[in-house]
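Residue numbers (this note's numbering), protein chains in the order written: chain F, 8 to 228; chain S, 8 to 228.
Glycine included, C-beta positions come from ideal geometry on N, C-alpha and C.
2 protein chains.
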Amino acid sequence: MKYYAIIVAGGSGQRMKSSIPKQFIELNGKPILMHTLEKFYCAKSSINLIVVLPKSHQSTWNTLCLKHQFTISHQVCEGGTSRFQSVKNGLALCKEESIIAVHDGVRPLITPDFILNIYKEAESKKAVIPVRPVVESIRKVKGDCSEALDRSMYYSVQTPQCFTSGLLHRAYQQEEQNTFTDDASVVEFLGEKVHLFEGEADNIKITTPKDLLLAEEILKV
Amino acid sequence: MKYYAIIVAGGSGQRMKSSIPKQFIELNGKPILMHTLEKFYCAKSSINLIVVLPKSHQSTWNTLCLKHQFTISHQVCEGGTSRFQSVKNGLALCKEESIIAVHDGVRPLITPDFILNIYKEAESKKAVIPVRPVVESIRKVKGDCSEALDRSMYYSVQTPQCFTSGLLHRAYQQEEQNTFTDDASVVEFLGEKVHLFEGEADNIKITTPKDLLLAEEILKV
């Protein structure tokens, strides 16, 4: 089965208090996004890698690839005005019947083993997403009130989220809804079932300077 | 107004893969629990500190206090078989009309400023808890199914949770329910309203080796 990976790297550096978009910030001497792409390449070198980047960041990315002699083959496509539109743009390049993983560019700590496992799971289950138990107590807010929840029933959702190409193309032909928080929610809006898969604890999304420090520590171990 | 703090330190070192209970593990050369107590002492030296510790850990704690020349005055009381019972034991030592904070012993990164602010807030609002927005997408699981949620309506809950003494005593006279996840849920079971207060991003609960590394990094900044 053919595998694609759409790596969404549309973020700015706002929460990072950085002028550099967060996916380009260096982690152990190399832009975060390169770590992420390497993980997919190491999982299986034949995975078709598609990086979705805002147009304004593409020349910076080209310069970084030269500087770091980054030679892993990938296509670059233009980001949209929302995550939904960005994924949709990447999806337009996935022309063959396949399993498609959609992954956050700023989750570089995912492991190649995990990537292979979730692709394989999606071959039989069609729609599979990595989740982790919620660690802290959670609470739902409604207007002026709030209520404690039974956290054992809640999971936090990660990427890569993997789907059969037919299903994902169908999902992204729908009109964008503001209830779409991730690809799973887009697929579910079709009425299709999404399967949960135990995610990796270290697969954090790097969005703050603190996350970056943590990622550096994890890479040292 | 008199202030008490009940510091709950009942955990074992299981998730830490350590034989030392996690509250005794050293962070920058000093047991985590000492950092936590120092934060309350620095907020206001007159706060009555009550440490709830399993009986089997108390001699270790005494030895650590001698070793580290830890002289901040505090009472130690025995932990119960659940968090609810532990807090209830600590509460028995809060005899005066007061504001009582209940705090996790393994949240040493809370700041003295924050502690003072939330005590003050509780003087007028009676029941105040620190919360943070949920960062990742969340999903609710029910049996074999799951659904995406609008994460903007969900908050993760931290400590210190602060209450007027009258309210907290009344709450802990109730029979323990397995829906009690924190002190706020115990107070709400009375039908009382709990107010949300913006928590500090760095106020993490140290439960894994990764959290410990992160805490060390945060303390360096």
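Grab the span of the alpha helix (DSSP H) containing residue i for me, first residue to last.
i       : result
R90(F)  : R90 to L98
T259(F) : In the structure displayed, chain F extends from 8 to 228; residue 259(F) sits before or after that span and is not available.
N69(S)  : Q65 to K74
C49(F)  : I39 to A50
E154(S) : Segment C152 to A155 is the beta strand (DSSP E) holding E154(S); no alpha helix (DSSP H) there.
V113(S) : Where V113(S) is concerned, there is no enclosing alpha helix (DSSP H), given that its DSSP letter is neither H nor E.
V192(F) : The residue you asked about is not Val; residue 192(F) is Ser in the sequence shown. Note, S192(F): alpha helix (DSSP H), D190 to E195.
E224(F) : P216 to K227
Candidates the options: which alpha carbon is nearest residue i's?
i       : options                             : result
M41(F)  : S53(F), A16(F), S25(F) and K62(F)   : A16(F)
A155(F) : E154(S), M160(S) and K132(S)        : M160(S)
D190(F) : I213(F), I211(F) and V164(F)        : V164(F)
K102(S) : L60(S), K29(S) and Y10(S)           : Y10(S)
L219(S) : R177(S), V94(S) and I39(S)          : I39(S)
D104(S) : I79(S), L174(S), N185(S) and H81(S) : First, the residue type needs correcting, since residue 104(S) is Glu and not Asp in the sequence shown. Residue L174(S) is the option with its Cα nearest to E104(S).
I32(F)  : D209(F), T67(F) and I125(F)         : T67(F)
K217(F) : T215(S), N210(S) and M8(S)          : N210(S)
E207(F) : I136(F), G36(F) and T214(F)         : I136(F)
T166(F) : E143(S), K147(S) and D151(S)        : E143(S)
K37(F)  : H176(F), L73(F) and M8(F)           : L73(F)
Tell me whether the beta-carbon of residue i lies closer than 7 Å to the beta-carbon of residue j.
i       : j       : result
I14(F)  : G112(F) : yes
L44(F)  : A222(F) : no
A50(F)  : I106(F) : no
V138(F) : Y162(F) : yes
L60(F)  : G86(F)  : yes
L203(F) : S26(S)  : no
C84(S)  : L71(S)  : no
F196(S) : F91(S)  : no
V141(S) : R158(S) : yes
K133(F) : T171(F) : yes
M8(S)   : E183(S) : no
According to DSSP, is residue i helix, strand or coil?
i       : result
Y161(S) : strand
Y179(S) : helix
A16(S)  : coil
Q168(S) : strand
F204(F) : strand
I79(F)  : coil
E128(F) : helix
Evaluate residue i with the Cβ neighbour count: other Cβ atoms within 10 Å of its Cβ, from every protein chain shown; 16 or more gives buried, anything less gives exposed.
i       : result
H64(F)  : buried
E205(F) : exposed
K212(S) : buried
H75(F)  : exposed
Q168(S) : buried
S89(S)  : exposed
K200(F) : exposed
N69(S)  : exposed
K46(S)  : buried
G97(F)  : buried
K62(S)  : exposed
L116(F) : buried
K29(S)  : buried
V109(F) : buried
V58(S)  : buried
V94(S)  : buried
I145(S) : buried
I54(S)  : buried
T78(F)  : exposed
Just to confirm the assignment, what range does the beta strand (DSSP E) spanning residue i have?
i       : result
K29(S)  : Here K29(S) belongs to no beta strand (DSSP E), and DSSP marks it neither H nor E.
V141(F) : Looking at the DSSP string, V141(F) is not in any beta strand (DSSP E), and its letter there is neither H nor E.
I57(S)  : N55 to L60
7 Å is my cut-off, CB to CB: does residue i come that close to chain B?
i       : result
S172(F) : The structure shown contains no chain B; the protein chains it does contain are F and S.
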